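Protein chains in written order, with our numbering: chain A, 7 to 470; chain B, 7 to 470; chain C, 7 to 470; chain D, 7 to 470. C-beta atoms are modelled at their ideal positions from N, C-alpha and C, and glycine is treated no differently. Remember, it's a predicted structure, so these values are computed and weren't measured experimentally.
4 protein chains.
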Amino acid sequence: MSLLIKNGIIVTSLDEYKADILVEGEKIIAIGEGLDGRAREIVDAAGMYVLPGGIDQHTHFALPFGGTYTRGFETTNAAIVGGTTTIVDFVPQPKGMSLRESVAKHIEEQAKGKAMVDYSFHGMVMDVTNELFEEIPKLPEIGIPTLKMFMAYKGTPFMCDDGVIFRGLQAAKKAGVTMMVHAENGDIIDVLQKQCVEAGQLEPKYHAVSRPPIVETECTSRAITLAEAAGAPLFVVHVSCIGAMEAIRDAFAKGLPIYGETCPHYMVLTVDNLAKPDFEGAKYVCSPALRTPEHLEAMWQAVQKGWLQVVGSDHCGFNWKEQKHIGYYDFTKIPNGAPGVENRLAILWTYGVEKGRITRQRLVDVFATAPAKFNGIFPRKGHIGVGADADFVLFDPAWKGRIAVENSLQGVDFSSYEGMEQIGRADKVFLRGKLVAEKGIFLGELGQGSFIKGEPYGTAYSGL
Amino acid sequence: MSLLIKNGIIVTSLDEYKADILVEGEKIIAIGEGLDGRAREIVDAAGMYVLPGGIDQHTHFALPFGGTYTRGFETTNAAIVGGTTTIVDFVPQPKGMSLRESVAKHIEEQAKGKAMVDYSFHGMVMDVTNELFEEIPKLPEIGIPTLKMFMAYKGTPFMCDDGVIFRGLQAAKKAGVTMMVHAENGDIIDVLQKQCVEAGQLEPKYHAVSRPPIVETECTSRAITLAEAAGAPLFVVHVSCIGAMEAIRDAFAKGLPIYGETCPHYMVLTVDNLAKPDFEGAKYVCSPALRTPEHLEAMWQAVQKGWLQVVGSDHCGFNWKEQKHIGYYDFTKIPNGAPGVENRLAILWTYGVEKGRITRQRLVDVFATAPAKFNGIFPRKGHIGVGADADFVLFDPAWKGRIAVENSLQGVDFSSYEGMEQIGRADKVFLRGKLVAEKGIFLGELGQGSFIKGEPYGTAYSGL
Amino acid sequence: MSLLIKNGIIVTSLDEYKADILVEGEKIIAIGEGLDGRAREIVDAAGMYVLPGGIDQHTHFALPFGGTYTRGFETTNAAIVGGTTTIVDFVPQPKGMSLRESVAKHIEEQAKGKAMVDYSFHGMVMDVTNELFEEIPKLPEIGIPTLKMFMAYKGTPFMCDDGVIFRGLQAAKKAGVTMMVHAENGDIIDVLQKQCVEAGQLEPKYHAVSRPPIVETECTSRAITLAEAAGAPLFVVHVSCIGAMEAIRDAFAKGLPIYGETCPHYMVLTVDNLAKPDFEGAKYVCSPALRTPEHLEAMWQAVQKGWLQVVGSDHCGFNWKEQKHIGYYDFTKIPNGAPGVENRLAILWTYGVEKGRITRQRLVDVFATAPAKFNGIFPRKGHIGVGADADFVLFDPAWKGRIAVENSLQGVDFSSYEGMEQIGRADKVFLRGKLVAEKGIFLGELGQGSFIKGEPYGTAYSGL
Amino acid sequence: MSLLIKNGIIVTSLDEYKADILVEGEKIIAIGEGLDGRAREIVDAAGMYVLPGGIDQHTHFALPFGGTYTRGFETTNAAIVGGTTTIVDFVPQPKGMSLRESVAKHIEEQAKGKAMVDYSFHGMVMDVTNELFEEIPKLPEIGIPTLKMFMAYKGTPFMCDDGVIFRGLQAAKKAGVTMMVHAENGDIIDVLQKQCVEAGQLEPKYHAVSRPPIVETECTSRAITLAEAAGAPLFVVHVSCIGAMEAIRDAFAKGLPIYGETCPHYMVLTVDNLAKPDFEGAKYVCSPALRTPEHLEAMWQAVQKGWLQVVGSDHCGFNWKEQKHIGYYDFTKIPNGAPGVENRLAILWTYGVEKGRITRQRLVDVFATAPAKFNGIFPRKGHIGVGADADFVLFDPAWKGRIAVENSLQGVDFSSYEGMEQIGRADKVFLRGKLVAEKGIFLGELGQGSFIKGEPYGTAYSGL
């Protein structure tokens, strides 16, 4: 089978130009003009931007939580219709299980036969043992080049002290594993949460009070120092505030290999949402907490300037009714996290490109190219180029509508962005050469996604 | 005519991949596989990297100096054999002549019929009048989107005080003209030069004594502040020292549109060269002056990290015998400048890529892609992509030799890099689809170069 | 004659304590208890703070301007009643006259026989010649350890370019002369003034528009760099804005001997005053210009934290009617400067100590002790200690009133602080043991002041 | 009894001047000339500097360690002969005992009847309970305005996590208690220690390897952030490295009330001492560890510039033979700490004043005045002024000798500064008007010291 995407404007993180794309099987084999004769099928992309399929490097599908789970891979069609063709999911590590086994289990029990996007994984340390540090350098052998540790969530077995983070960085460095951290000072949050509870401040809005920007800024600075001490790179996920962003920016400007990600909700949703009445605020409980407007503006600037390199969704599909309500009487018990895998492109385009805050080139980079690099799947993924997988989005910039849970495939009973205006849409989405979505309708099939092994950063970074 | 470059590894500032390039006329029309049937001629690039033809944004061909000139456009074949297919030359402004007329004169009298590379121009203010500020915003009309002013060279009519720079920035901003500055504090240099001369310190090595890093650092900081005050972008040319580089880096990290260029000689030649006996030191008299090793190392880091965006040659073809010797008895009279348009790629590859200091992607960016953007000729120039001009270098990484004036086409009686090892070479060079050099032999013809109009940065930057 | 000041609370820059002060002749000879028997005269200071007499290191008495002068030394009784017992006046340098001769002339023609405060001098460069740089190191021989140069006022003979400043710093360093600078970028101001005038913006408020904070910040940074290059200390006078203050603060925090002064009007008068109708704004035309409130607050913090070391009045007695009105049709012609030698203590106490912004210790330091040190007259002046001159103020913290021109001795037809509340007052003022003012009434006599020679900073700084 | 100190040069942190000091009972009642007639006894101080008696705010007398103790208050005569007349000792908190009870116990069992210096105390948290945070604000009631917490020593009950530090700061703020911290990252040290032990690196020199500067720098930065979050002042004890010092300096330059202390051994002893053979290195095992020369130089600069405010000895009298040898086979078991209460003045003078690194004024400040302020005992202690306690040192700057354990009264079997040259000596030492030492001979009596209650910083800082 050969397919020609014709008349579109190809947008990369570097340039944009009008050319046709010839796909043979799952790959792009030529770009240019005069290719019609080689195509069995021609798709007219006139008026469309052709973007690489998105890489969402921050998802939590089927994350166990108190006996239940977040929505699983059977809802990954939501990613597809939103223009994301590959996810990098965090693998939960059950107590007593090695990371390697955790990955195998997550693939077997959760992803396989269900995933409708291609998928890679990050390890996620939830059970610290001595064997852990021996296992870390072996992760690339199973296609896992990244590993997350938590510096928050005191009282859980997965909050790591500085010694564990430091040993983790030392171990990671040996084999080119990139360490990621959730950087919030768990000790301080614990104190502030208890002080809120003691004071009878139990509504969702106190979630933000107990996690002020300084807990994220401090912890990010500390994580950077630990990385510097270990001589290892570091990737800080879900950066939400000015101080943390500046710490990352300034570390890079000192020559350290320190990088960071922000998320769409830190770019368009303010802390005021947490104060919505009737427990609606609980929908917006995620960590770090939502921030005041100056932080949102700073996230856009950081994305445009390249001070933060990636925008991931931190998709976490908890239902409001049964799951968020666990914390109805005490915000500290509300599950942290919100859905969004479906909306990343829409938010970046509508509130970024359309508002003149970011260029199309920067959108492509943070949405697809940079996360592909950091996760060792570039240039196969995240880029429109000869030899790459034929994952792309025909993006219709003229479409207008609103985000609404009723149109969502995320399987969650609310949308973080309910009612917000959306400009532009993934008109058609191709995964490895196959049309898998059109105008918001999923056309693919359950389990069509493949596991994509990532290369350690020693290789992948060479293209940075 | 159609041409296929086959089996090479295409290197861009973003990625690298094996693919063939189909050229029709002067343009790349397709990249990929299966294109053989459409080519009349096939060039085998197996074992070669295919790089975009270089953009040297800093040359001084036919620069008048005391009744004589630097070597003119009849020596631009030196650029070609070195892998540079487009230059952006600084147009000298004769006393009493407008910038517009100066450009016309420079094209007519110097470039036309001689240039063997494609060429764009920067305006260069050498005669400050009130009309100047009215003329600046009109420069884009004649294809000139950049303008240089001098903050050094006290006693000449072209040293601009801060008021002139500021007004220049205000005027430039109106029409998207990028202001460039030669940033050295001319007043301090003047004092130090006179103090050297009074002390009988007349040899070339005192050139560096009279231009210490602090004069460049101070002036760069000041230029940045002026740009900030005017709300205008700024491009600092030929950055040579740590302090100036950090000022640019830190301004960008504050969110200001401040950019900078360094040059090959600031990356591989130390200040010790100025002390060479028998007036050989005069060959290395350029401004800013050569620096001590820690500055050189910092320039490489700045190029790899993107803190400086461009490497230009600052090519200035003065002969040692008749021209440099003007300052035989007094270093302050030695013409400032040295040749190098031929060696930029060789230096970046041999001492950068081969030493592991920079990636091939960064090389392509500073050598071709970024200067094309900043000068408003991207993506037509500076990039291998569909629709771009078919300017490229088949680069043989296996070649080894030494740089020597005897092999040079620069028309100057010395080489700045005499005797230095060179790894890799432009095996073949194509200009708009035509083979114009092979293995150091120029195969093109006099006057084959075309004037390429630049777009103002309002357009060009959108791709940044 | 021996005098005992009894029952007061002595306040120094270090501490405060209840003790009596025994004065013999012009000097303090003992402090403590049990001294009554040795005194011929006892002054009861119960309920009073005993402060050292103020040192106002920034006055312009008898400054020539367009054929007229600012009010002269015959109005220095205004200093006395305001609690200032020593001034350090800037000596104007007439065209063609050496600094040494200028000092002699200023003493003979202006100060002698008139001054009612003790007085030291700063040299002030207004005529740059080659001889200047030879003369500078000899200034301490005539008791002048400080020298000011101007970086502003383009078009006048006293605006110095960077080369002159640099040579001045080199020369000053040789003999421990402290260089002071008026740091505003004269070139930029000139452009902005002309742009205002061209746009018909001629009212006093455009004075501030033409001198935005960035011109001061830039110039201060540059002056610091020049001092660093010359290896010399630097004292920046009349700092008015955050950026300039931070540049000084940060230079000191890097280890450089860089110091600064602010003035009462930069602490309590905002830029809005310049917009007062009917040309009243002209009263507030001084350089640097008045600033917005956040700058005022920063000046207080800088004074409390020690980031700026001195508060001087920049007293400049121009009358509004005949002199300020010169610029009635063009703000650029309004003489720059405003009176205030009388009000320094009142402003610092009322708006500093009483508002809790600064401690009494910091007040004493910036008002008296630190300026005495920087001008080489400490510990004879500026401090209450055994061996010091018996200059002090019995300060009544309970007094309340308002500042009004009708009560002023400054001899100027307006007050910068007209109508502002004043808390506390110099109840009695002693100069070298003699009561010279009481409750705002001058009790001394014309010409009672003495010339106090300053020591170069090599000596004076040893106590810092 | 009345005593006159005659003909000396009084040195304060502000100035120095020749005057006589009249003492009545325990207090200074007058300073000046002509006081002879009121004295029963006259001490001639000609040729002497009269310094305030030193305040050593960092001592550990009678600190329990593994069943033994450091030398106790019966050795505090060592302080006296070295010119220190007041110590502020850290009170160990036994398991299960409140801070208040710990203080009472330490006074009763250790200080009372033995102390030969006056003494104040800091609380020292060694048993974290919920009651702790209620007790902290009450400490001023018993004369304790300062409290230390440990961020290091993992595995002990006194290492506090960030939550405890934060709650401590919140509690301290309520009543003007100044929080002090031992700032080293205990988690990282623990990892590095274990890695050393696993690698068989057991000698004393690995003490420094396991505590690199970055663990102190990181922890200091974190402590500052916690203080900023709590809105509380912070005092960082025993700063040893550039990074930590700069963090404190820069926090102050941001406007935060952050202060720090260094110690004589961080100013004159390099890390090389730890490598001395035959377990001699163990004598130099203290925490933070000794550093390389550039850090030592930075400590001197910080003291001169005021970036660190206090020099305390961190005196900890462990014997080498029986106590240090506990760690003979494993450096991690060596008791941390070294003696030095006797040598603080000698080190500051010989290696500071005599080398031109600090002025006499700065010496007095860091040695006596500033620690008196920070511990709420100024101006009674730490200053020569009317009303102050008659604690002073007649310092003979002409004396020369060497530091040797054989002359020491510290009761420890080694000296940290063995064999080092000493210039100047406390010729006579007075405590509350009584001569208590002369030429190194203790002339006082056991138990002569008094408990001096400290005031909370809300009061004491007003004099800063």
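Express the C-alpha separation of residue j and residue i in angstroms, rounding to a whole number.
i      : j      : result
B/K361 : B/L354 : 10 angstroms
A/P98  : A/G129 : 8 angstroms
C/L400 : D/F420 : 56 angstroms
C/A374 : C/I429 : 19 angstroms
A/F241 : A/Q315 : 10 angstroms
B/G149 : B/A52  : 38 angstroms
A/P270 : B/G261 : 21 angstroms
D/E30  : D/L9   : 7 angstroms
C/G407 : C/E424 : 12 angstroms
A/Y463 : C/A233 : 46 angstroms
C/R368 : A/P210 : 46 angstroms
B/A250 : B/T223 : 4 angstroms
B/S126 : B/H64  : 10 angstroms
B/N13  : B/L41  : 12 angstroms
Buried or exposed for residue i, please, with buried defined as at least 16 other CB atoms from any protein chain shown within 10 angstroms of its CB.
i      : result
D/Y335 : exposed
A/D26  : buried
D/D395 : buried
D/N381 : buried
D/E22  : buried
B/A68  : buried
B/G206 : exposed
D/P163 : exposed
Tell me, please, which residues DSSP counts as bridged to residue i.
i      : result
C/M130 : C/K154
B/A344 : B/H321
Assuming contact is defined by CB atoms lying nearer than 8 angstroms, are residue i and residue j in contact in what I supplied?
i      : j      : result
B/Y75  : B/I15  : no
D/W306 : D/I364 : yes
B/V392 : B/I61  : no
A/T92  : A/V370 : no
C/L449 : C/F337 : no
### Message
Residues of the stretch 32 to 50 of chain A in Cβ contact with chain B at a cutoff of 9 angstroms, in chain order, please.
### Response
I34, I35, A36, I37, G38, E39, G40, L41 and R44
### Message
If the cut-off is 8 angstroms on Cβ atoms, which residues from the stretch 190 to 212 of chain C count as contacting chain B, listed in chain order?
### Response
N191, D193, I194, D196 and V197
### chain B contacts from the stretch 166 to 178 of chain C (Cβ-Cβ distance under 7 angstroms)
Cβ contacts with chain B: D167, D168, G169, F172 and R173.
### Task
Using a Cβ-Cβ cut-off of less than 9 angstroms, give me the residues of the stretch 394 to 413 of chain C that come near chain B, in sequence order.
none
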